[in-house]
């Protein structure tokens, strides 16, 4: 089969079109999927730059997110049959025989959910990782409740635009940081109550003004760096801060967070895959199944900003590394 793979870590040009043996079902609970699209996420670019979780297993196919059609099933597969349309977040961390920048992949049944009927393959392929990240951050980590006020950073981004929608579905009010009028319009489309132009406005003061000086109940940091530490000043006493980046002690300190008695949560939706936590992975599949229903009911939307053919993976990586994209980017596999 054709695949985009890397033989060594490096810049986007290490992504090369290669001919690789088509993976085969080895376990009775596995599914062979003919991929129609793959989502591109920042984790893909980081693994390409720094090396994968399995550096001894090269070449490696990247891409955690995928969608496609069931081509074959193992003898004990019960939930799917040949011809079913599916989407999932599995593989792509460098382990041999996995990854979705390819024509085929083999995935365990418990990692797979039915593709939302209302979404194209490209849209569906970009959804799983960001849906799981936003869900776990807001619902599982912060325990978001109806009526609470939430700050979501980068509301027009891949994680941010679904986080806004999930927060609204829970009955929360949402403020979000944006960098341009176009991104403000996009954030409002997804339900943001108060977009904040962070380049012109001190977002801390804007949040405090919006909350009568109290701060938000929950803050969701998708940016990291200094933004994480600044965000602690915009959260109410005994509030929650969830970040998807590792806080850097060289940039700031947690004194303000400690004074406010904040609960700080670190979110990495890849932990179940990296640690081999099957029950946690099954929980993630149930999340995708619920999100699939909401997507088909029109309660959730995925903003696909751009698609590239598989052969143009280098262009797609260069684009996402600009840090200025909105929504999601997909690779189309024909």
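Residue numbers (the UniProt record's numbering): 1 to 334. Ideal Cβ placement from N, Cα and C applies to all residues, glycine included. Quick caveat: nothing in here was measured; it's all calculated off a predicted structure.
Coarse secondary structure for residue i, derived from DSSP in three states
| i | result |
| --- | --- |
| residue 110 | helix |
| residue 230 | helix |
| residue 272 | helix |
| residue 320 | helix |
| residue 314 | helix |
| residue 195 | strand |
| residue 139 | helix |
| residue 162 | helix |
| residue 306 | strand |
| residue 293 | helix |
| residue 330 | strand |
| residue 79 | coil |
| residue 52 | coil |
| residue 185 | helix |
| residue 4 | strand |
| residue 19 | strand |
| residue 266 | strand |
| residue 43 | helix |
| residue 85 | strand |
| residue 62 | strand |
| residue 260 | coil |
| residue 168 | helix |
| residue 176 | strand |
| residue 102 | strand |
| residue 190 | coil |
| residue 126 | coil |
Residue environment, residue i, which counts as buried when at least 16 other CB atoms sit within 10 Å
| i | result |
| --- | --- |
| residue 238 | exposed |
| residue 274 | exposed |
| residue 145 | exposed |
| residue 117 | exposed |
| residue 21 | exposed |
| residue 82 | exposed |
| residue 73 | buried |
| residue 278 | exposed |
| residue 261 | exposed |
| residue 108 | buried |
| residue 8 | exposed |
| residue 213 | exposed |
| residue 248 | exposed |
| residue 136 | buried |
| residue 23 | buried |
| residue 301 | buried |
| residue 10 | exposed |
| residue 50 | exposed |
| residue 201 | exposed |
| residue 173 | buried |
| residue 236 | buried |
| residue 271 | exposed |
| residue 334 | exposed |
For residue j and residue i, believed in contact at Cβ under 8 Å, the rounded distance
| i | j | result |
| --- | --- | --- |
| residue 154 | residue 223 | 6 Å |
| residue 67 | residue 28 | The Cβ separation is near 24 Å, so there is no contact. |
| residue 267 | residue 243 | 7 Å |
| residue 215 | residue 234 | 5 Å |
| residue 187 | residue 156 | 5 Å |
| residue 131 | residue 291 | 5 Å |
| residue 332 | residue 37 | 6 Å |
| residue 1 | residue 104 | 5 Å |
| residue 196 | residue 203 | 5 Å |
| residue 148 | residue 218 | 6 Å |
| residue 35 | residue 102 | 6 Å |
Within 8 Å, strictly: CB atoms of residue i and residue j
| i | j | result |
| --- | --- | --- |
| residue 90 | residue 5 | no |
| residue 150 | residue 30 | no |
| residue 100 | residue 94 | no |
| residue 299 | residue 169 | yes |
| residue 48 | residue 17 | no |
| residue 63 | residue 84 | no |
| residue 40 | residue 329 | yes |
| residue 12 | residue 283 | no |
| residue 161 | residue 327 | yes |
| residue 288 | residue 220 | no |
| residue 403 | residue 159 | No information on residue 403 is available, as it lies outside the stretch 1 to 334 that the chain covers here. |
Beta carbon proximity, residue i to chain D, threshold 8 Å
| i | result |
| --- | --- |
| residue 46 | Among the chains in the structure shown there is no chain D, since it carries only a single protein chain. |
Are at least three pairs of beta-carbons, each pair with one atom in the stretch 250-262 and one in the stretch 220-235, less than 8 Å apart?
yes
Measuring CB atoms only, is the stretch 202-214 touching the stretch 122-141, in the sense that at least three cross pairs come out at less than 8 Å?
no
Is there contact here, the stretch 137-152 with the stretch 315-334, by at least three beta-carbon pairs under 8 Å?
no
Count Cβ pairs between the stretch 50-58 and the stretch 300-314 that sit closer than 8 Å; are there 3 or more?
no
Taking 8 Å as the threshold, find out whether the stretch 176-183 comes into contact with the stretch 99-115 through three or more Cβ pairs.
no
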